[in-house]
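One structure is given below, encoded as structure tokens.
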Amino acid sequence: MTALAEATAGELAGPRPPLRIRPLDLLGLPLAAAVAWLLFAQGWDGVAIVPLTAAAAAAPALARIDATERRLPNALTLPLLLVAALACGVRVLTGEPAPLTALACGAVLLLMAITGGMGMGDVKLGGALALATATLGWAVPLAGLAASVVVGGMAGAVALALGRRTLAFGPWLLIGHALVAVIAALRAV
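In our numbering, the protein residues as written are 263 to 451.
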């Protein structure tokens with residue numbers, strides 16, 4: 263067996279650049295504060311506030327990195343996934359089935375990645391966002407995924423019209439889930 267055949271896809275891609283915070287990424291701080299305030303003001307509990315605030319804090323960096331480098335770093339997606347999974351674990355312990363719809367959304371994203379429609383970074387981010395939004399109710403992750411596909415599809419059509427063949431999906435995952443989460447948050451319990 264040759265050395266090339268034994269190499270993993272990550273090794274073939276070469277080393278990843280280190281995660282660097284840019285001034286634009288700092289917009290996540292006031293965005294996170296606004297999300298926390300909105301959720302708190304609408305009567306949501308900490309189980310919803312924590313994962314959604316974390317997602318808001320990381321959103322500008324994730325969107326920038328995916329748009330410019332076509333990657334969603336594990337250093338940002340995995341902590342979001344963990345925080346959202348823990349929050350959904352609390353919801354499951356209280357008897358709420360909403361996290362099950364988030365898992366279904368994650369399965370759809372994984373299927374899309376397997377068939378070549380997106381990368382695993384999109385799967386991790388989409389799964390984290392689905393779990394985070396599931397803290398607002400069972401329909402929110404489904405609507406978030408649908409909204410992401412719609413806005414991403416519209417952006418893809420524009421990109422194709424401009425002659426571009428690829429489009430980073432991470433920013434559209436963030437936008438779609440954010441739109442639906444704000445609507446759901448304003449319809450407080």
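Backbone N, C-alpha and C fix where the C-beta goes; we use that ideal spot for every residue, glycine too.
For residue i, which residues in the same chain have their Cβ closer than 6 Å to its Cβ, ignoring the five residues on either side in sequence?
i	result
Ala-346	Pro-313, Ala-390, Leu-393 and Ala-394
Leu-372	Val-385
Leu-297	Per the sequence shown, the amino acid found at residue 297 is Val instead of Leu. Excluding positions up to five away in sequence, the list reads Leu-314, Thr-315 and Ala-318.
Cys-350	Pro-361, Leu-393 and Ala-396
Grab me the residues of residue i's own chain with a C-beta within less than 7 Å of its C-beta, minus the 5 sequence neighbours each way, in chain order.
i	result
Ala-447	Leu-300, Leu-301, Gln-304, Trp-306 and Leu-398
Ala-294	Thr-315, Ala-318 and Ala-319
Pro-433	Ala-325, Asp-328 and Ala-329
Leu-435	Asp-384, Leu-387, Gly-388, Leu-391 and Ser-410
Met-382	Ala-375
Taking the alpha carbon of residue i as the reference point, which residue from the options has its own alpha carbon closest?
i	options	result
Ile-283	Ala-298, Leu-348 and Pro-322	Pro-322
Gly-290	Ala-316, Gly-308 and Ala-419	Ala-316
Val-286	Gly-406, Val-411, Leu-324 and Gly-432	Rather than Val, the amino acid found at residue 286 in this sequence is Leu. When each option's Cα is compared against that of Leu-286, the closest is Leu-324.
Gly-379	Arg-427, His-439, Arg-353 and Ala-405	Arg-427
Gly-438	Val-420, Gly-425 and Ala-405	Ala-405
Arg-332	Arg-449, Ala-423, Gly-308 and Arg-278	Arg-278
Arg-353	Leu-340, Val-309 and Val-420	Val-309
Met-415	Leu-424, Gly-425 and Leu-429	Note that residue 415 is Gly in the sequence shown, not Met. Of the candidates Leu-424, Gly-425 and Leu-429, the one whose C-alpha sits nearest the C-alpha of Gly-415 is Leu-429.
Just to check my reading of the structure: residue i and residue j have Cβ atoms closer than 8 Å, yes? What is that Cβ distance to the nearest angstrom?
i	j	result
Gly-388	Leu-407	7 Å
Leu-281	Pro-335	5 Å
For residue i, collect the residues of the same chain with a Cβ closer than 8 Å to its Cβ; drop the 5 residues on either side in sequence, then sort them by chain order.
i	result
Val-412	Gly-438
Considering only heavy atoms of the ligand PLP, does any lie closer than 7 Å to the CB of residue i?
i	result
Ile-327	By its list of ligands, the structure shown contains no ligand whatsoever, and the ligand PLP lies outside what it can speak to.
On the three-pair Cβ rule with 8 Å, is the stretch 396-414 touching the stretch 348-362?
Verdict: yes, contact present.
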